[in-house]
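Notes follow once the structure below has been shown.
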Amino acid sequence: MKLKDLFKFAVKNLTTRGLRSWLTVIGIIIGVAAIVTIVSIGQGMQGVITEQLGGLGANDVYIMPGGGMGAQMMGGDAFAKKSGTLDDRDIKIIRSVEGVLAVAPDIVGMQNVYYSNEMKNTYIWGTNPEWLIVRAGSMESGRFLMNGDKGVAVLGNKIAKEGFDKEIYSGSQIRIENKSYRVIGILNEFGGFGNSAEDGSVYLTIEDAKEYSMFDEDNYYTIEIDVDPERIEETAEKIKQQLMISRHVDENTIDFGIITAKMITSTVDNIMGTINFFLLGIAAISLIVGAVGIANTMFTSVTERTRQIGILKAIGMKNHDVMIMFVIESGLIGLIGGIMGMLIGFIISGIIGEISIYALSGGAGGVAPIVSIPVWLVFFSITFSMVIGIISGLIPAKNASKLQPVEALRYE
Amino acid sequence: MNKRNKMNKKIVLSVIDLKKIYDLGEVKVNALNGVTFDILRNKITTIIGPSGSGKSTLLHLLGFLDKPTSGKIFLDDKDVSKLNEEKLADLRNKKIGFIFQFFNLYPMFNAVENVELPLSISHVDEKERRKKALELLKLVGLEERAYHFPKQLSGGEQQRVAIARALANNPSIIMADEPTGNLDTQTSHEIMELLVKLKEHTTVIIITHDLGLTKHSDKIIKIVDGKISEMK
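Chains as they are written, first to last, in this note's numbering: chain A, 1 to 412; chain B, 1 to 232.
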């Protein structure tokens, strides 16, 4: 029989068994819709997080002292074998490395900030003018810190606007403990989920910030470095080697950690990958159940249609044609289930995307959707479910083709 | 041309010492115990016998639905008793037309699609097979009902569709298994008239236990206990 005729035959067989065919299709729809939803949300989340990390500056390299709190928080401590400190000598070495574009050391403390009779406990950062370059930040008003500044502060966007009842503008005076500072600039929002630390912090010069430091006066919490985007890893390695030489340490006694934004991103990717893998596993189970449903339907179908198969064989239909006919039927169930499951998955993830935008922005908009639908997913889900349909139908189809015409005709 | 060749031209099907033994494990059933006969072209041969006589087994063997345990079957002078399933399917499609007691139409297909089935199996293209199928339905007097489904047709009408389907590939032989067994007297009579008419186009073998069908026959073979007890 011609393939076109077998195809028509299969379609007719499926449509006459309407309800049963649809129930089987639904089994596949659920599996595929679950996979599509999970993958598109997973991809979207990954995209959003990567974008967030991009805010740190994709070409950034971070140096942290061994045993330091910053190192522990950012995972850099994993690279340091001993505890150590970072100071101006290290800055000098780093600046001398080729490919380094900007270097910003950080001091961090937590203090009470006062503004018009209100008090707020927040992060105080001490850094240098290059920080703005390293973080790829920009000013909403005023200017950032400059060399030689004294008694001035730059504010993160959130603390300026929402930190106190009255908004703080450039030119306002704030107080940290008992010292007064003039606000010279407000940063643009770094954005992201919830409140990012950068948007809620106060920035001072290193000299001013020293007295608020959580650590020893001359030690830095981290050194942030902006490097040539063309050779991030290479430059990071050079910095590491130079620092090791100047600090007289080797790989076994290394007392600082060095990480790149790429390392953080890949850590996040790993975590997201694990979560996605787990969720996909659950979705795959539902797809397997769907496949078992197809196999079951096809087995029942072969039994129910034994006599019909007998008729077809009596008028000369060949075994392999009978087999192909059944495989087309099960493949079609998979294909239709795949297409519909994909569409429903897209609708569900679209709805979740809308909800997430609303939830994260409080209805104000401006937040990237946490759902993204990759093109490969469209092709994958359709092909995959069709293949599942074909595989589930293989054994029943084989059974159908092997039926003896005489026995099949006798079957009541 | 010698006499033997002339004779062969008239014989469409030749059966020599055909045996069929069903092996049921502990017991062996000799369903057919060595039968030999010829079927002549453009004649009606009726095979009669009580139930259990082996006549259905014989029909299955003659229609290539089953393989004999021993013995030979010649179709158009060719030994077909050892062919494989693929070749047998081909023979069933092109050389044999089946008519069953319970019509055995394909329920998902309407009348004309049922008649087209053997043609689509033998790769006849769409236009041609529709044309042929409609012609055949006209021959059996059912052109008005061409687009009705089996369940919308009466028993007699369904059997007419089955006859049209059996004729689709211009077969050498029409095998009719109790063709009137499920029909009332009037309809049975009409179907028999139709089968008699088919003699002009092809050879008809009727298997029945209804002695009434034998009056149209050119040859009657009576089977009892797997053997020919009478042939006239």
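In this text, a Cβ means the ideal position worked out from N, Cα and C, and glycines have one as well.
If we cut at 8 Å on Cβ distances, does residue i have a partner in chain A?
i, result
"tyrosine 147/B", "no"
"proline 118/B", "yes"
"leucine 65/B", "yes"
"valine 15/B", "no"
"arginine 92/B", "yes"
"alanine 239/B", "Here chain B covers residues 1 to 232 and nothing more, so residue 239/B does not appear."
"asparagine 104/B", "yes"
"glutamate 85/B", "yes"
"methionine 108/B", "yes"
"isoleucine 121/B", "yes"
"histidine 209/B", "no"
"histidine 60/B", "yes"
Starting from residue i, trace the alpha helix (DSSP H) in both directions and tell me its first and last residue.
i, result
"asparagine 270/A", "261-304"
"arginine 231/A", "It is not in any alpha helix (DSSP H) - arginine 231/A carries neither H nor E in the DSSP assignment."
"lysine 4/A", "3-16"
"glutamine 186/B", "185-198"
"alanine 164/B", "155-167"
"valine 202/A", "Careful: valine 202/A lies outside any alpha helix (DSSP H), inside the beta strand (DSSP E) at 202-205."
"arginine 159/A", "The residue asked about is misnamed: residue 159/A is isoleucine in this sequence, not arginine. Residues 157-161."
Does residue i come out as helix, strand or coil in the three-state DSSP assignment?
i, result
"threonine 37/A", "helix"
"serine 392/A", "helix"
"leucine 13/B", "strand"
"aspartate 149/A", "coil"
"leucine 413/A", "There is simply no residue 413/A to check, as chain A begins at 1 and stops at 412 in what is shown."
"isoleucine 29/A", "helix"
"glutamine 404/A", "coil"
"serine 81/B", "coil"
"glycine 365/A", "Below a pLDDT of 50, predicted positions are generally treated as unreliable, and glycine 365/A, at 42, falls in that range; the measurement from the model is reported next regardless. Note: glycine 365/A maps to coil in three-state DSSP."
"arginine 41/B", "coil"
"glycine 194/A", "Because the pLDDT at glycine 194/A is just 44, under 50, the model does not fix this residue reliably, and the value given afterwards should be weighed accordingly. Here glycine 194/A sits in coil by DSSP."
"proline 65/A", "strand"
"tyrosine 212/A", "helix"
"asparagine 252/A", "coil"
"valine 112/B", "helix"
"alanine 176/B", "strand"
"alanine 314/A", "helix"
"valine 82/A", "Just to set this straight, residue 82/A is lysine in the shown sequence, not valine. Correct three-state label for lysine 82/A: coil."
"phenylalanine 380/A", "helix"
Could you check where the beta strand (DSSP E) with residue i kicks off and where it finishes?
i, result
"arginine 175/A", "173-176"
"isoleucine 205/B", "203-208"
"lysine 222/B", "219-224"
"valine 113/A", "100-115"
"serine 96/A", "Note, serine 96/A: premise wrong, no beta strand (DSSP E); alpha helix (DSSP H) at 88-96."
If we cut at 8 Å on Cβ distances, does residue i have a partner in chain B?
i, result
"asparagine 13/A", "yes"
"aspartate 5/A", "yes"
"valine 406/A", "yes"
"lysine 2/A", "yes"
"asparagine 399/A", "no"
"alanine 314/A", "yes"
"threonine 37/A", "no"
"glutamine 46/A", "no"
"methionine 325/A", "no"
May I ask whether a heavy atom of the ligand SAH can be found less than 7 Å away from the beta carbon of residue i?
i, result
"glutamate 177/A", "Here there are no bound small molecules, and the ligand SAH is not part of this structure."
Check the C-beta distance from residue i over to residue j and give it rounded, since I have them as a contact under 8 Å.
i, j, result
"isoleucine 206/B", "alanine 176/B", "5 Å"
"isoleucine 94/A", "isoleucine 225/A", "6 Å"
"threonine 45/B", "isoleucine 16/B", "About 16 Å separates the two Cβ atoms, so there is no contact after all."
"glycine 122/A", "valine 113/A", "Residue identity check: residue 122/A is threonine in the sequence provided, not glycine. Indeed, because the Cβ distance is near 6 Å, the residues count as touching under 8 Å."
"alanine 136/A", "glycine 341/A", "Actually they do not touch by this definition, with Cβ atoms about 41 Å apart."
"glutamine 111/A", "tyrosine 212/A", "5 Å"
Please classify residue i as buried or exposed, where buried requires at least 16 neighbouring CB atoms within 10 angstroms.
i, result
"lysine 240/A", "buried"
"glutamine 158/B", "buried"
"glutamine 43/A", "buried"
"glutamate 26/B", "exposed"
"tryptophan 131/A", "buried"
"glutamine 308/A", "buried"
"arginine 410/A", "exposed"
"valine 292/A", "exposed"
"aspartate 90/A", "buried"
"histidine 60/B", "buried"
"glycine 194/A", "For glycine 194/A, the predicted structure reports a pLDDT of 44, less than 50, and the residue's modelled location is therefore unreliable. A value from the coordinates is still provided. So glycine 194/A ends up on the exposed side."
"methionine 214/A", "exposed"
"leucine 105/B", "buried"
"tyrosine 169/A", "exposed"
"tryptophan 376/A", "exposed"
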